[in-house]
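Right, one structure below, let's go through it.
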Amino acid sequence: MSTPTEVNVLNKARRRPLFADTQPAPWVRGVSWAVLVITALAITSYVTELPQLTSSGTMQSAIRLALPIMLAGLGGLWAERAGVVNIGLEGMMILGTWGAAWAGYQWGPWAGVIAGAAFGALGGLLHALATVTFGVNHIVSGVAINLLGAGVTKYLSTLIFEPVSRNPRESPTVPKFDTYSSQPFGRWLGELEETQRFGISDVAGVLRGMITGLSPLTMLSILLVPLSFYLLWRTAFGLRLRSCGENPRAADSLGVQVNRYKYIAVIISGALAGLGGAALVVNPGQTGYLEGQTGGRGFIGLAAMIFGNWRPGGMLTGSLLFGYTDALQLRQGPSTVHALLYAALLVLVVLAIYEALRLRWMFAALCMGGAAVFLLLYALTDELPEQLTPYTPHLVTLVVLALSSQRLRPPAASGQNYRSDA
Amino acid sequence: MRRLRGLLAIPLLLLSLTACVKDDPNAISRIGKGAACTRNSPPAAPPSSSSTTTSAEPVSAPNMRVGLAYDIGGRGDTSFNDLAAAGIDRAKAELGVTDVRELSAAAGESPSAQVARLRGMALEGFNPIVAVGFAYTDGIKQVSKEFPNVKFGLVDSVVEAPNVSSLIFAEEQGSFFAGVMAAYKSRSCHVGFIGGVDIPLIHKFEAGFVQGAKAVAPGIQIERKYLSPAGDTRGFNDPGKGNEATRGQIDAGADVIYHGAGASAKGIFDAAKAGGALGIGCDADQYQQPTLAGVKDIIIGSALKKVDVAVFDFIRAVALGKTADLPKVFDLRNDGVGYSASGGKINDMIPVLEAYKAQIVSGKLTVSQQPTR
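So the sequences go chain by chain: A and B.
In terms of the working numbering, the first sequence is residues 1 to 422.
In terms of the working numbering, the second sequence is residues 423 to 795.
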């Protein structure tokens with residue numbers, strides 16, 4: 001460890017960057033990113049005259065759309081942190097949708113939530129049994145669970161739902177959660193949003209979208225992200241669990257019961273995916289169980305987790321990005337997605353300046369290059385082709401992954417089987 | 423420092439929790455902020471009914487073995503597969519058909535699975551075979567060549583072959599009525615259309631709806647959205663996304679929503695109900711559907727596409743050996759499309775709808791299949 005004076009001497013020898021070449025604290029980075037993105041969106045919505053970019057309706061939509069993806073991603077995170085790749089999230093989610101509908105239509109939405117998590121956990125248990133106890137390849141077991149989830153629910157819904165709903169593909173109507181808002185803040189922010197003043201209305205719209213029209217399941221699920229972070233990174237239990245994903249042999253030699261931790265992690269993973277399925281059934285705006293309704297959201301959750309570098313905060317950002325771009329393209333279509341190009345351009349310019357001040361010329365150049373591409377796209381087109389807009393979230397993820405894949409670090413032993421010698 | 427931050431978080435959390443108030447589902451605001459439309463006067467009432475009575479010669483075909491290949495969803499989708507099933511049920515009742523094989527497509531299956539399904543039924547001696555949905559186009563093309571003596575009926579798509587009857591519909595004519603209903607019922611002169619998948623078949627729904635609405639109110643504003651692009655059929659099966667798209671259109675000011683989105687309909691009607699808007703059903707009479715019972719109070723009517731009529735007529739024509747006499751297109755003239763006013767919310771409009779119907783039937787008004795943008 002060098003003393004401060006030594007650092008100063010060293011720095012005088014080089015040209016001194018304006019910012020120290022250390023990463024700021026995670027929460028500082030998180031807040032700066034949020035400020036940067038909201039500012040960019042505010043400017044964009046002012047320039048392009050599209051208030052929908054930061055309207056509370058869009059934000060509410062984004063949260064509703066992000067929720068199942070986020071829960072699946074959180075499930076993937078738990079499993080991978082313990083060293084088990086869980087590609088069966090989709091199947092566990094399907095099990096969750098069926099369980100939630102089955103219990104929900106008889107005993108109400110809270111029963112649906114519990115049953116959804118329980119059915120997902122059953123899928124997780126099966127995955128754990130296959131991968132941990134029997135040493136099956138994680139991908140093979142995951143794919144099998146996806147097929148099984150679809151098949152079992154098809155059978156069960158024909159057996160149990162059809163006599164009631166007269167439709168083998170659909171559950172009877174499931175009672176939904178009511179929505180809640182934080183008042184009087186919601187009303188107050190709504191008035192601010194209505195004024196359509198630059199900046200203020202944008203922030204008010206975003207905040208209002210986050211505190212109004214929330215179901216209890218939404219609030220609970222969002223709390224699960226910091227809770228997962230706390231459990232995994234701030235407790236002895238979490239340290240042991242993560243050690244199974246990094247170096248199970250070392251963990252074993254220190255007395256950690258690797259298989260037990262893996263079981264716990266994969267069952268929790270399944271329960272979270274099942275909760276994501278329940279969110280597709282008992283949240284307001286959803287319609288109960290429908291065959292095939294998950295539509296690949298489990299896989300997108302996995303992508304959001306990789307996007308977030310196997311960390312809860314990043315995963316949350318990734319799923320919100322998916323939810324937001326999806327909300328934009330579903331609500332307003334090509335014009336707002338086109339405006340997003342402008343916002344991305346602004347963010348990249350700021351990033352380029354920041355990196356340049358830190359003398360990281362390579363990154364600065366990359367960001368400037370990206371900004372130039374977006375500027376060209378924005379100036380040369382009036383609207384994105386409508387065939388492209390539904391894939392906006394996927395494209396954004398691809399671009400971000402391509403740019404940041406060098407810095408991604410999965411758990412070292414993820415996907416490997418471990419057999420204890422004992 | 424960390425402890426301090428943690429302590430700070432507690433009152434904040436408590437504050438937001440105590441301020442948590444349940445939303446009132448009845449407090450729906452700002453629908454109808456625009457002015458009502460200036461409407462064209464409806465066309466003159468039609469001359470007294472000149473109904474075309476079809477000579478119903480009794481047909482009996484107890485030995486006929488009918489194969490039916492459903493699109494994704496199969497019997498029980500409350501939409502057009504169910505209508506095809508209704509056609510088969512009518513054939514059983516009226517023609518005495520007893521041997522029927524019904525098979526369903528699985529979501530995301532390969533084209534070869536469709537070919538195998540059709541071929542399997544042909545090999546087992548089923549004749550005629552009805553394939554429901556445009557997804558079977560290539561399968562029918564291939565299998566109809568292999569079995570020249572088997573009669574095939576293909577719903578929603580065209581294959582030129584001597585033993586294939588293409589059962590296609592003038593959806594734009596049915597959707598025209600949806601447009602007329604919407605323009606009359608909209609309080610803000612602003613309506614919306616949600617399509618399931620961005621394909622020519624669904625463009626016909628949009629085209630008819632837009633022309634119907636504009637025929638009534640030329641200045642009407644119309645929101646349009648397709649849930650998924652061509653090639654991705656999930657838009658027909660995603661109520662969650664249908665819900666968000668509908669909320670978006672309602673937030674933009676639309677207050678009557680028509681759709682062509684299959685099983686996503688439930689989410690669409692849910693959002694319409696939550697936002698104080700009205701909905702118009704498609705294909706079947708959706709007011710009557712048990713799975714939509716919770717939202718039927720906002721369904722003012724439906725644009726009908728009578729797949730049941732087409733399937734029944736096809737089976738009957740095969741029994742008579744007169745498949746060449748089947749209509750080229752099932753449209754208003756032969757009662758292949760239409761509208762329903764179940765629920766009684768548009769009873770006052772029926773003379774208007776009938777007047778437009780007479781104009782379309784007589785050819786004075788043609789409805790284009792291409793949406794204008």
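Ideal Cβ placement from N, Cα and C applies to all residues, glycine included.
Computed from a predicted structure; not experimentally measured.
Return the chain-ordered list of same chain residues with a C-beta closer than 6 angstroms to the C-beta of Thr131 (chain A), the five sequence neighbours on each side being excluded. Taking the first sequence and counting its residues from 1, the one referred to as residue 131 (chain A) is at position 131. When the five nearest sequence neighbours on each side are left out, the beta carbons in the same chain lying within less than 6 angstroms of the beta carbon of Thr131 (chain A) are those of Val84, His138, Ser141, in order along the chain.
Can you find the residues in the same chain that come closer than 6 angstroms, C-beta to C-beta, to Pro51 (chain A), ignoring five residues on each side of it along the sequence? To locate residue 51 (chain A), count along the first sequence from 1; it is residue 51. The residues are Ser45.
Are the CB atoms of Leu275 (chain A) and Ser221 (chain A) nearer to each other than 8 angstroms? Position 275 of the first sequence, counted from the start, is the residue given in the question as residue 275 (chain A). Position 221 of the first sequence, counted from the start, is the residue given in the question as residue 221 (chain A). Annotated as proximal: Leu275 (chain A) and Ser221 (chain A), with beta-carbon spacing under 8 angstroms.
Report, in whole angstroms, the separation of the C-beta atoms of Val619 (chain B) and Ser579 (chain B), which I expect to be a contact under 8 angstroms. Locating residue 619 (chain B) in the second sequence gives position 197, counting from the first residue. Locating residue 579 (chain B) in the second sequence gives position 157, counting from the first residue. Contact between Val619 (chain B) and Ser579 (chain B) is absent: CB atoms are separated by about 14 angstroms, not below the 8 angstroms threshold.
Determine whether the Cβ of Tyr180 (chain A) lies closer than 8 angstroms to any Cβ atom of chain B. Taking the first residue of the first sequence as 1, we reach residue 180 (chain A) at position 180. Interface residue, yes.
Since Ile616 (chain B) contacts Thr655 (chain B) with CB under 8 angstroms, what's their CB separation in whole angstroms? Counting from 1 along the second sequence, the entry for residue 616 (chain B) is found at position 194. Counting from 1 along the second sequence, the entry for residue 655 (chain B) is found at position 233. Wrong, their Cβ atoms sit about 15 angstroms apart, outside the cutoff.
Out of B:Pro465, B:Cys459, B:Asp445, which has the shortest C-alpha to C-alpha gap to Lys786 (chain B)? Within the second sequence, numbered from 1, the residue matching residue 786 (chain B) stands at position 364. Comparing C-alpha distances from Lys786 (chain B) to each of B:Pro465, B:Cys459, B:Asp445 shows the shortest one belongs to B:Pro465.
Determine contact between the stretch 559-570 of chain B and the stretch 535-548 of chain B, defined as no fewer than three beta-carbon pairs at a distance below 8 angstroms. With a cut-off of 8 angstroms, the stretch 535-548 of chain B and the stretch 559-570 of chain B count as touching, because enough Cβ pairs lie within range.
Just to confirm the assignment, what range does the alpha helix (DSSP H) spanning Phe374 (chain A) have? For this step, residue 374 (chain A) is matched to residue 374 along the first sequence. Unbroken alpha helix (DSSP H) run through Phe374 (chain A): 361-380.
Counted within 10 angstroms of its Cβ, other Cβ atoms place Ser435 (chain A) as buried (16 or more) or exposed: Because residue 435 (chain A) is not part of the residues shown, which for chain A are 1 to 422, the question remains open.
If the cut is a Cβ gap below 8 angstroms, which residues of chain A does Glu516 (chain B) touch? Numbered from 1 along the second sequence, position 94 holds the residue referred to as residue 516 (chain B). The contact set of Glu516 (chain B) on chain A, defined by CB atoms closer than 8 angstroms, is empty, because the minimum CB distance reaches about 23 angstroms.
First through last residue of the beta strand (DSSP E) which encompasses Lys567 (chain B): Locating residue 567 (chain B) in the second sequence gives position 145, counting from the first residue. Element bounds for Lys567 (chain B): not the beta strand (DSSP E) but the alpha helix (DSSP H), 559-568.
The stretch 300-308 of chain A / the stretch 101-111 of chain A touching (three or more Cβ pairs under 8 angstroms): Three or more beta-carbon pairs separated by less than 8 angstroms are not found between the stretch 300-308 of chain A and the stretch 101-111 of chain A, which leaves the two stretches without contact.
Proximal residues, the stretch 652-669 of chain B versus chain A, C-beta separation under 8 angstroms: Of all residues in the stretch 652-669 of chain B, Ala652, Asp654, Arg656, Asn659, Asp660, Pro661, Gly662, Lys663, Asn665, Glu666, Ala667, Arg669 have a Cβ within less than 8 angstroms of some Cβ in chain A.
Report the residues of the stretch 168-196 of chain A with a CB closer than 7 angstroms to any CB of chain B, ordered along the chain. Within the stretch 168-196 of chain A, the qualifying residues are Pro168, Arg169, Glu170, Thr173, Asp178, Thr179, Tyr180, Ser181, Ser182, Gln183, Phe185.
Starting from Ser228 (chain A), follow the alpha helix (DSSP H) in both directions and report where the run begins and ends. In the first sequence, residue 228 (chain A) corresponds to position 228, counting from 1. Run containing Ser228 (chain A): 216-234, per the alpha helix (DSSP H) assignment.
Helix, strand or coil for Cys244 (chain A), going by three-state DSSP, please let me know. On the first sequence, position 244 is the one that residue 244 (chain A) refers to. Correct three-state label for Cys244 (chain A): helix.
Rounded separation between Phe161 (chain A) and Leu214 (chain A) - CA only: As a position in the first sequence, residue 161 (chain A) is number 161, starting the count at 1. As a position in the first sequence, residue 214 (chain A) is number 214, starting the count at 1. Cα to Cα, the separation comes out at about 29 angstroms.
Quick one: grab the DSSP three-state call for Gln711 (chain B). Locating residue 711 (chain B) in the second sequence gives position 289, counting from the first residue. Three-state DSSP puts Gln711 (chain B) in coil, outside helix and strand.
Using a beta-carbon distance cut-off of less than 7 angstroms, what residues from the stretch 288-306 of chain A approach chain B? Going along the stretch 288-306 of chain A in chain order, one finds Leu290, Gly292, Gln293, Gly295 with a Cβ nearer than 7 angstroms to chain B.
Could you tell me whether the Cβ of Gly454 (chain B) comes closer than 8 angstroms to any Cβ of chain A? Along the second sequence, read from residue 1 onward, the residue named residue 454 (chain B) stands at position 32. Confidence is the limiting factor: at Gly454 (chain B) the pLDDT is only 46, short of 50, which leaves the residue's position unreliable, though a coordinate-based value still follows. Taking 8 angstroms as the threshold, the shortest C-beta distance from Gly454 (chain B) to chain A does not fall below it.
As a quick exercise: from B:Val572, B:Ser597, B:Gly653, pick the residue whose alpha carbon is nearest that of Asn585 (chain B). Within the second sequence, residue 585 (chain B) is the residue found at index 163, counting from 1. Taking the Cα of Asn585 (chain B) as reference, the smallest distance to any Cα among B:Val572, B:Ser597, B:Gly653 is reached at B:Val572.
Closest to Thr48 (chain A) by C-alpha separation, out of A:Ile63, A:Ile211, A:Ala339, would be which residue? Counted from its first residue, the first sequence places residue 48 (chain A) at position 48. Ranking the options by Cα distance to Thr48 (chain A), first place goes to A:Ala339.
My output table needs one value for Asp620 (chain B): the three-state DSSP class, helix, strand or coil. By 1-based counting over the second sequence, the position of residue 620 (chain B) is 198. Asp620 (chain B) falls in the strand class under three-state DSSP.
Check whether chain B comes within 8 angstroms of Leu207 (chain A), counting only Cβ atoms and requiring the distance to be less than that. Counting from 1 along the first sequence, the entry for residue 207 (chain A) is found at position 207. Contact of Leu207 (chain A) with chain B is not assigned, every C-beta pair being separated by 8 angstroms or more.
Is the Cβ of Thr713 (chain B) closer than 8 angstroms to any Cβ of chain A? Position 291 of the second sequence, counted from the first residue, corresponds to residue 713 (chain B). Cβ-Cβ to chain A under 8 angstroms: yes for Thr713 (chain B).
With DSSP collapsed to three states, give me the class of Ile642 (chain B). Mapped onto the second sequence, residue 642 (chain B) falls at position 220. Coil.
By the 7 angstroms beta-carbon criterion, what residues does the stretch 699-725 of chain B contribute toward chain A? When CB distances to chain A are screened at a threshold of 7 angstroms, the residues of the stretch 699-725 of chain B falling below it are Pro712, Thr713, Gly716, in chain order.
Please classify Lys744 (chain B) as buried or exposed, where buried requires at least 16 neighbouring CB atoms within 10 angstroms. Numbered from 1 along the second sequence, position 322 holds the residue referred to as residue 744 (chain B). Flag for Lys744 (chain B) reads exposed.
Alpha carbon to alpha carbon, how far is Pro312 (chain A) from Val225 (chain A)? Give it in angstroms, no decimals. As a working mapping, residue 225 (chain A) is identified with position 225 in the first sequence. As a working mapping, residue 312 (chain A) is identified with position 312 in the first sequence. Computed Cα separation, rounded: 6 angstroms.
Counting C-beta neighbours from all protein chains within 10 Å, is the total for Thr794 (chain B) 16 or more, i.e. buried, or is it exposed? In the second sequence, the residue the question calls residue 794 (chain B) occupies position 372. Here Thr794 (chain B) is exposed: its Cβ has fewer than 16 other Cβ atoms, across all protein chains shown, within 10 Å.
8 angstroms Cβ cut-off: residues of chain B touching Gln332 (chain A): As a first step, residue 332 (chain A) is located in the first sequence; it is residue number 332 there, counting from the start. In chain order: Gly670, Ala674.
Please state whether DSSP places Ser165 (chain A) in a helix, a strand or coil. Within the first sequence, the letter at position 165 stands for residue 165 (chain A). Reduced to three states, the DSSP call for Ser165 (chain A) is helix.
How far does the beta strand (DSSP E) with Val759 (chain B) in it reach, from first residue to last? Along the second sequence, read from residue 1 onward, the residue named residue 759 (chain B) stands at position 337. Annotation for Val759 (chain B): the continuous beta strand (DSSP E) segment containing it runs 759-762.
For Asp692 (chain B), which three-state DSSP category applies? Against the second sequence, residue 692 (chain B) aligns to sequence position 270. Helix, per DSSP.
Distance, Cα to Cα, Gly575 (chain B) vs Gly760 (chain B)? Position 153 of the second sequence, counting from 1, holds the residue named residue 575 (chain B). Position 338 of the second sequence, counting from 1, holds the residue named residue 760 (chain B). Taking the straight line joining both Cα atoms gives about 22 angstroms.
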